[in-house]
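Residue numbers for the sequence shown follow the working numbering, so the first one is 3 and each next one is one higher.
Every residue gets a Cβ at the ideal spot worked out from N, C-alpha and C, and that includes glycine.
So the structure is just underneath, and the comments pick up after that.
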Amino acid sequence: MSKAKTVKKSGSAPLKPVVKANSGNRLYLWGFLVFLFAFVLYANTLQHKFVLDDFGALADNWVIKKGISGIPIILTTSYRYGINMLTDNLYRPLSQVMFAIEWQMAPKNPMIHHFFNVLFYALSCVLLFVVLRKYFSKVNPLIPFVIAVLYAVHPLHTEVVANIKSRDEIMSFFFLMLTLLALHKWFAKNSIIGLILAIVCYFLAFMSKEGVITMLAIFPLIGWYFTSASKKNIIISSVLMVIPAILYIAIRSSVLSKYGSHGATAIVDNFLNAAPDKASYLATAIMLLGKYIWMLLIPTPLVSDYSFNQIPIVGWSDWRVLLSLIVLFAMVAYSVIHVKKRSPLIFGILFFLVSISIYSNVLMPIGSSFAERFMFLPSLGFCIAIVFLCAKLFKVPENNNSENLALSVKKAPVFVGVFAVLVLLYSGKTVVRAAEWKDQYTLFGKDIKRSPNSAHLRYYWGLAIRDKALEQKDENAQKQMMLTAIEQFNKAVEIYPSYPDCFEQLGLAYYRVKDLSKSMDSYQKALALNNTKAVTWSNLGIIYFEQGNYPKAYELYSKALSLDSNYADGYFNMGSTLGMMGKYDEAIESFKKCIQFDPENAKAHEFLGMTYKNLHRDAEAKPWFEKAAVLEQKKATEKAVK
3 MSKAKTVKKS GSAPLKPVVK ANSGNRLYLW GFLVFLFAFV LYANTLQHKF
53 VLDDFGALAD NWVIKKGISG IPIILTTSYR YGINMLTDNL YRPLSQVMFA
103 IEWQMAPKNP MIHHFFNVLF YALSCVLLFV VLRKYFSKVN PLIPFVIAVL
153 YAVHPLHTEV VANIKSRDEI MSFFFLMLTL LALHKWFAKN SIIGLILAIV
203 CYFLAFMSKE GVITMLAIFP LIGWYFTSAS KKNIIISSVL MVIPAILYIA
253 IRSSVLSKYG SHGATAIVDN FLNAAPDKAS YLATAIMLLG KYIWMLLIPT
303 PLVSDYSFNQ IPIVGWSDWR VLLSLIVLFA MVAYSVIHVK KRSPLIFGIL
353 FFLVSISIYS NVLMPIGSSF AERFMFLPSL GFCIAIVFLC AKLFKVPENN
403 NSENLALSVK KAPVFVGVFA VLVLLYSGKT VVRAAEWKDQ YTLFGKDIKR
453 SPNSAHLRYY WGLAIRDKAL EQKDENAQKQ MMLTAIEQFN KAVEIYPSYP
503 DCFEQLGLAY YRVKDLSKSM DSYQKALALN NTKAVTWSNL GIIYFEQGNY
553 PKAYELYSKA LSLDSNYADG YFNMGSTLGM MGKYDEAIES FKKCIQFDPE
603 NAKAHEFLGM TYKNLHRDAE AKPWFEKAAV LEQKKATEKA VK
């Protein structure tokens, strides 16, 4: 009897609520540590400027700069509509809606955008930990904690977090984690509300970025591997999760149908299109998959661009292709053979293979050949697989369900030691790499040394030097830097002779060093390669304008505006030309159009006032002059603050 009483005492009911409370508090602590890891690592990006794709996504995007009033346009137009590229085939409105709201709160301030990138990344990592803890409920909680921390610190994610534009990746992942949390309620409790929330969150993930479509193959695996849900419930959820995908595709098709076909991706963007035959195309794509796996293990060197012609086109005899093929085949074979074991290690491998498929260029060609940001979702599969593999190798107690972090660490010293070193190394690399995303000049100055044969990087480095030149007060110093920029642009077209954007920038750079002959020649080469860019026609028109050939300038500006009816600078240039031709009423309309798409253009306000004055309509001229003065003062203040 005494033995029975002892058992009863040790398992008495009053102790249970205390244990659960401590367990919950410890779980919150683990989540907070994950958040801290992620946020602190990227805190150095909060003072960074706009870089790379940030300009097209928001800084130079007239729709985003309309703030909240631009949201209806965002929802009904393509991703790059606001930067005069009306034929792109992307529809990712959610991140752009966020940018518009943030711009409304703090115009021209990159800090607010960087802050929300870091914040939502850190929150996504916390959600990841919670999701892993839910689905791996019978596993030592140290394992999902290590997976979440490893994911948070992985250096391949620096491009996503440090580049504001990649908010689409972050929000897609964020809503995907919410989807999995809601789906768990359906799997565990048959919660209809959970299933409905999962469908809604998955749709929002699509509205952030379409890459989550691969999860349609993952959802049933998750239900089968990690829950006791019935086959019926798994099938029901798998079928219903197709609804957000269909809805997104329908909306996307409706929006993009207004712009016609996008056309083939340029070789400078996806160098696989330069492959001489399908065999070398596929061989190179396989090699790139191997490179992804290698960089997940050893993420160095990190570069913002890997395009033509940094990575060569290779054949099937290349050892890198053969090694990549062997590794991929081994992963597939091992997963297929052991799929019925429902091992988290197998699931991690399958998650990686399925989620990377859409970026592999094997199933279909995409807009880029290789990019670190493409690993944002697939890297989760890598983290799951590598942590469970090490847990098995180092014999981490799998059934330890204690939420006591110190106790869990004490019971797995080798496992913790290995990952402590790995996390430390990855964290150091992440901090250093994130710092390199400070601004254009810093980023491309570092990356050009690591990827010197990339036409894109030569082009970007030239742009960074050009912008730096424009900051120089000394005219001679400015000219010398501009000539250095020209040198980089010329190297870019040596690498890729059919590079219209680079010829366009050569035209602008030559114009700024007052070599109008070479400027005109460069613009004409750009137009010979691509005659659909409004900015090229407009810039060529500037040369004729300055030569006093106003009819020719008018012709070129008209061509520019026929290609892009939203082109603010084109309307400004047209207004100036019409004014010089004495067509003041038409000039007024052009300047007003410019202001419609660029409300903070002080010169447009000033010239509009001058045009009214030329018509002796001084009363109408006055408010435009006053507004121009306010905008100039605002611009000067912002410059002084910087």
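(message) Taking the alpha helix (DSSP H) that LYS535 belongs to, which residues open and close that run?
(response) Counting along the chain, LYS535 falls outside any alpha helix (DSSP H), and DSSP gives it neither H nor E.
(request) Identify the continuous alpha helix (DSSP H) that holds PHE131 and give its terminal residues. (result) Note, PHE131: alpha helix (DSSP H), 112 to 137.
(request) For ILE386, collect the residues of the same chain with a Cβ closer than 7 Å to its Cβ; drop the 5 residues on either side in sequence, then sort them by chain order. (result) ILE149, PRO346, PHE349, GLY350, PHE353
(message) Please classify PHE37 as buried or exposed, where buried requires at least 16 neighbouring CB atoms within 10 angstroms.
(response) With a 10 Å radius around the Cβ and a threshold of 16 neighbouring Cβ atoms, PHE37 comes out buried.
(message) With distance defined between alpha-carbon atoms, name the residue in LEU424, ILE300, GLU477, GLN507 nearest to ARG460.
(response) GLN507
(request) Please report how far the alpha carbon of HIS115 lies from the alpha carbon of GLY550, in whole angstroms. (result) 44 Å
(message) Quick check on THR229: does DSSP put it in helix, strand or coil?
(response) coil
(message) Measuring only the C-alpha atoms, how far is GLN635 from ILE545?
(response) Taking the straight line joining both Cα atoms gives about 30 Å.
(message) What does the alpha-carbon distance come out to for the pair MET107 and LEU77?
(response) In a straight line, the C-alpha of MET107 is about 20 Å away from that of LEU77.
(request) Would you grab the beta carbon distance between PRO157 and LEU304 for me? Rounded to a whole angstrom, and I think it's under 8 Å. (result) 6 Å
(request) Mind the definition here: the region 567 to 578 touches the region 588 to 601 only if three or more C-beta pairs lie below 8 Å; say whether that holds. (result) yes
(message) Taking 7 Å as the cut-off, is the beta-carbon of LYS481 closer than that to any non-hydrogen atom of the ligand PLP?
(response) Looking at this structure, you won't find the ligand PLP or any other ligand, since it has none at all.
(request) Using beta-carbon positions only, say whether GLY543 and ALA528 come within less than 8 Å of one another. (result) no
(request) Out of LYS343, PRO454, ASP307, TYR93, point me to the one whose CA is closest to LYS260's CA. (result) Residue TYR93 is the option with its Cα nearest to LYS260.
(message) Measuring alpha carbon to alpha carbon, tell me which residue in MET297, ILE251, ILE360 is nearest THR216.
(response) ILE360
(message) Using only CA atoms, which one of GLY225, MET484, VAL356 lies nearest to ASP517?
(response) MET484
(request) Given a cut-off of 8 Å, decide if ALA436 and TYR44 are closer than it, judged by their beta-carbon atoms. (result) Going by C-beta atoms, TYR44 is nearer than 8 Å to ALA436.
(message) If I follow the unbroken alpha helix (DSSP H) through THR444, where does it start and stop?
(response) 442 to 452
(request) Check whether the Cβ atoms of LEU648 and SER306 sit closer than 8 Å, and answer yes or no. (result) Since the displayed the chain opens at 3 and closes at 644, residue 648 lies outside it and no answer follows.
(request) Could you tell me which of ALA623, ASN275, ASN478 sits nearest to VAL515, measuring between CA atoms? (result) Shortest Cα-Cα distance from VAL515 to any of ALA623, ASN275, ASN478 involves ASN478.
(message) Can you give me the C-alpha to C-alpha distance between ALA124 and TRP32, rounded to a whole angstrom?
(response) 13 Å
(message) So, for PHE117: in the same chain, excluding its five sequence neighbours on each side, which residues have a beta-carbon less than 8 Å away from its beta-carbon?
(response) LEU48
(message) Check this for me: beta carbons of PHE52 and ILE166, under 8 Å apart or not?
(response) Yes, they are a contact pair.
(message) Going by DSSP in three states, TRP1 sits in which element: helix, strand or coil?
(response) It is not possible to answer for residue 1, since the shown part of the chain is limited to 3 through 644.
(message) Does PHE34 pass the burial test, meaning 16 or more other C-beta atoms within 10 Å, or should it be called exposed?
(response) exposed
(message) Short of 6 Å in beta carbon distance, which residues of its chain neighbour ALA466, apart from the five on each side in sequence? Order them along the chain.
(response) GLN442, TYR443, PHE446
(message) In whole angstroms, give me the CA-to-CA distance for ALA207 and ARG375.
(response) Rounded to the nearest angstrom, the two C-alpha atoms are 16 Å apart.
(message) Which same chain residues end up closer than 6 Å to LEU182 when comparing Cβ atoms and leaving out the 5 residues on each side of it in sequence?
(response) VAL133
(message) In whole angstroms, give me the CA-to-CA distance for GLU473 and MET366.
(response) 44 Å
(message) Could you check whether VAL433 and ASN119 sit closer than 8 Å to each other, using their CB atoms as the reference points?
(response) no
(message) Does ASN272 come out as helix, strand or coil in the three-state DSSP assignment?
(response) coil
(request) Let me know if TRP626 comes out buried or exposed under the rule of 16 or more other beta-carbons within 10 Å of its beta-carbon. (result) buried
(request) Could you say which of SER567, VAL329, HIS186 lies nearest to THR534 if we only look at CA atoms? (result) SER567
(request) Could you give the DSSP three-state label for PHE417: helix, strand or coil? (result) In this structure, PHE417 counts as helix in the three-state DSSP scheme.
(message) Report the CB separation of TYR137 from PHE228 in whole angstroms; it is logged as a contact under 8 Å.
(response) Indeed they touch by this definition, with Cβ atoms about 4 Å apart.
(message) Buried or exposed for PRO2, going by 16 or more other Cβ atoms inside 10 Å?
(response) With the chain represented from 3 up to 644, any question about residue 2 goes unanswered, as that position is not in the structure.
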